[in-house]
Every structure is written in structure tokens, then in C-alpha cells.
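Right, one structure below, let's go through it.
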Amino acid sequence: MRLLSPKDLATALGVSESSLKRWTDAGRIRATRTEGGLRRIALDEAVRFIRETGTPVVRPELLDMPEAADDAGAASLFERLRDGDARGVRGWILARYLGGTPIAELCDGPIRAAMYDLGELWRHDPTGVFIEHRATDLCLQAIAHLRGTFDAPARAPLALGCGPEDDPYLLPAFMASTVLAAAGLRSVNLGPDTPLSALEHAVAHHRPALVWVSATAPIASARARAIARYLGSLPRGTIAVVGGQQRAAIAAGTDLRVVSTMRELAALATTCAAAAR
Ligand code: B12
């Protein structure tokens, strides 16, 4: 994790270095000390402070988020995705994250809405498949930037999950794994198109506290039943979660836990992380 000096963070926020030092001394921002006694602030702690206090950032490049300055302009997230404006998409998402919007809320709200609107466009426009792939990639880039800032402690509970075999959808699985990491779990995403045997193998070896499946593509009933049977057979105490547009196809007729939004997943993960502390 990158460490910032009080001067770096003060410049990023457009405040004086002495104010910044006062905030660290008052415990509003946690700082460590170098061997020489100088204050240092971890980047994730700086981001926490900014998000919780609503402090504006004037130089986001000093926090490794230069694109957050590219949020200017009236274009909506949908327009930026449709037009392939890579910096604009990252800027839109990062600026809202720095402004305090939780990742789960960004996923359930504006990102999901923009992708749904693109899906409608594609129905009528033959160039839409290219646009859908590119938009998926742009969302992944922005979420990956945030994903890289969460480092769960080695003793945090493990969450592990995937999309079913033949399900190509990248974004929902990546969102789920990022939301779980943001809630303080160690989070591993086996990705889309994962055979059930690979999930079984990973679970047997790594014994996660939470196992999730994100299903978006229509799923054959035999495969859905096999996934449901497997999740239902996990040891007591392991939380099994089914989500995604095709969640009902897997969970129908079972008592599996169906979770429809990233916000609910975040709440579940926060409880799981707190119980382990
Ligand atoms: C991008 C996209 C593609 C891309 C995928 C690229 C990739 N590698 O990811 C490509 C171009 C490959 C594609 C292909 C196809 N697609 Co498509 N695609 C989409 C699109 C536009 C966005 C999907 C997406 O990422 N959504 C964003 C996510 C975040 O939203 P979400 O899935 O609802 O997830 C939310 C919740 O469900 C929940 N959640 C999701 N996962 C999990 C997991 C857990 C644990 C929890 C708790 C919650 C949770 O949280 C999320 C945030 O709120 C959708 C439009 C739509 N309405 O979804 C169409 C859409 C899904 N596709 C559709 C179709 C028809 C197809 C094709 C059949 C087209 C074709 N003829 O080839 C193929 C099928 C591919 C296949 N093998 O099944 C239809 C599906 C209709 C249906 N239900 O049958 C849609 C709805 C478009 C439309 N309006 O018609 N597609």
C-alpha cells in the first residue's frame, strides 16, 4: 500500500500541511511514523477519510486517481459508455466513489442502469455487440482500479465464487468479488464460465466462509440443479449465496439464500467480516 506524506495529502486536498498534521494528531486520519519520526498516511486511509468526511479532492492524480478530474462535463455514464470514452467512464465512477458513494450502490444503481440501457440499444442496432463488449471492459477497468485498493488482513474470512460454465458475463462476477473485498473479506473471483468441478476443487482446498454463484445467461436445468445440489451440500456454517439475473433458475425449489443486489451482498459480507473479528 502506497504511503503519503502529510504534504502530499494536503496538496491533494488543497489544504495546508499544518491543518493536515493537526487532523492526524487529533486521530481523524490514522498515520504511522517512519523510523525518523515523520508522519505517513496509507493511501486507503486517505481515501477513507475523504469519503467519510466529504472532503473535496483538488489534485486526484496525487492519490493515483487522475481520471477523477475527468468527471467534468454533462455526459451521463450511459453516454460515456456508449461513446467509448474510457477516461470519462473511469472519471465518472472514481469521482463518485471518492465522493462517498459505496461501490455496491454504484453497481446496483448507475452502472447497472447504463448497461441495461445499452442492452436495449443492442436489440435495435447491429453495432451494439461491439459497444456492449467495450462498455463491459470500461466498467471493469474502473472497478478494477478500486478493487486494487482493498487489502484484507490474512486472517479475514475468505469469499470465493464464480459464474457457471458457459456463462460469459464478466461484470456481475467481478462486481460481487469487489463488493466482498470492500466489505473486508479476502475475496477470490474464479470468473465467468467456471465448471462446477473447478468451484468444488477450490472450495475443498481453500475452505471459504462464503461461496457465491452469479448466473446471468439462461442456464440448462440439469446444470442449475447440479449447482443447487452442490451449494446445498456445503458444510454448516458456510454461507452459500446465489445472485444474478438467472438466480431463480438455480434456487427454485431449494432453500438456498438468494440475494438480488450488491447492497444486500455488502450487508451480508459486513456481518460475516465482523463476526470473524
Ligand atoms: C454486456 C452484455 C453482453 C456481452 C457480455 C460481455 C461479457 N463478457 O461480460 C455479450 C456481448 C457477450 C453478450 C452476449 C449475449 N447476450 Co447479452 N447482455 C449484455 C448486457 C448489455 C449487460 C450485462 C451486464 O453486464 N449487466 C450489468 C450487471 C451488473 O447487471 P446484472 O446482471 O443485473 O447484475 C446485477 C444483479 O443481478 C446483481 N447480481 C449479479 N450477480 C450477482 C451475484 C451475487 C452473488 C449477488 C448477490 C448479486 C448479483 O447485482 C448486479 C448489480 O445490481 C445485458 C443487458 C442487461 N439487461 O443485463 C445483455 C443481455 C443480458 N444479453 C442478452 C442476450 C440475448 C445475449 C445473447 C443471447 C445475444 C446473442 N444472440 O448472441 C448473448 C448470449 C451469451 C451467452 N452465452 O449466454 C439479453 C438477455 C435476455 C434474456 N434474459 O434472455 C440481455 C438482457 C439484453 C437484452 N436487453 O435483450 N451480452
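If you're matching positions, the sequence shown starts at -8 in the numbering used here and goes up one per residue. Virtual Cβ for every residue (Gly too), placed ideally from N, Cα, C. Keep in mind the model is a prediction, meaning the values are calculated, not measured.
> Touch check for the region 169 to 185 and the region 88 to 97: three-plus C-beta pairs under 8 Å?
Replying inline: With the rule of 3 Cβ pairs closer than 8 Å, the region 169 to 185 counts as touching the region 88 to 97.
> When burial is assigned at 16 or more other CB atoms within 10 Å of the CB, is D35 buried or exposed?
Replying inline: Counting Cβ neighbours within 10 Å, D35 comes out exposed, since fewer than 16 surround it.
> Where do the N-terminal and C-terminal ends of the beta strand (DSSP E) with S205 fall, by residue?
Replying inline: The continuous beta strand (DSSP E) containing S205 extends over residues 201 to 205.
> With DSSP run on the structure shown, which of helix, strand or coil describes S178?
Replying inline: Three-state DSSP puts S178 in a strand.
>> Helix, strand or coil for I32? Go by DSSP, reduced to three states.
In response: Per DSSP, reduced to three states, the secondary structure at I32 is strand.
> Taking the alpha helix (DSSP H) that L89 falls in, what are its first and last residues?
Replying inline: If you look at L89, you'll find it in the alpha helix (DSSP H) that goes 77 to 89.
>> I'd like to check one pair, V204 with L225: are the Cβ atoms closer than 8 Å?
In response: Between L225 and V204, the CB-CB gap reaches or exceeds 8 Å.
>> With distance defined between alpha-carbon atoms, name the residue in E8, I41, R198, R13 nearest to M270.
In response: Since the displayed the chain opens at -8 and closes at 268, residue 270 lies outside it and no answer follows.
> Just the Cα atoms here: how many angstroms apart are E8 and W14?
Replying inline: Taking the straight line joining both Cα atoms gives about 10 Å.
> What number of angstroms, rounded off, separates the C-alpha of L131 from the C-alpha of I102?
Replying inline: When rounded, the distance between both Cα atoms is 11 Å.
> Cβ-heavy atom distance between V179 and the ligand B12 below 7 Å?
Replying inline: Within 7 Å of the C-beta of V179 there is not a single heavy atom belonging to the ligand B12.
> Quick one: what's got a C-beta closer than 8 Å to T185's C-beta in the same chain, skipping five residues either side?
Replying inline: Within the same chain, C153, G154, P155, E156 come within 8 Å of T185 by CB-CB distance, once the 5 residues on both sides are set aside.
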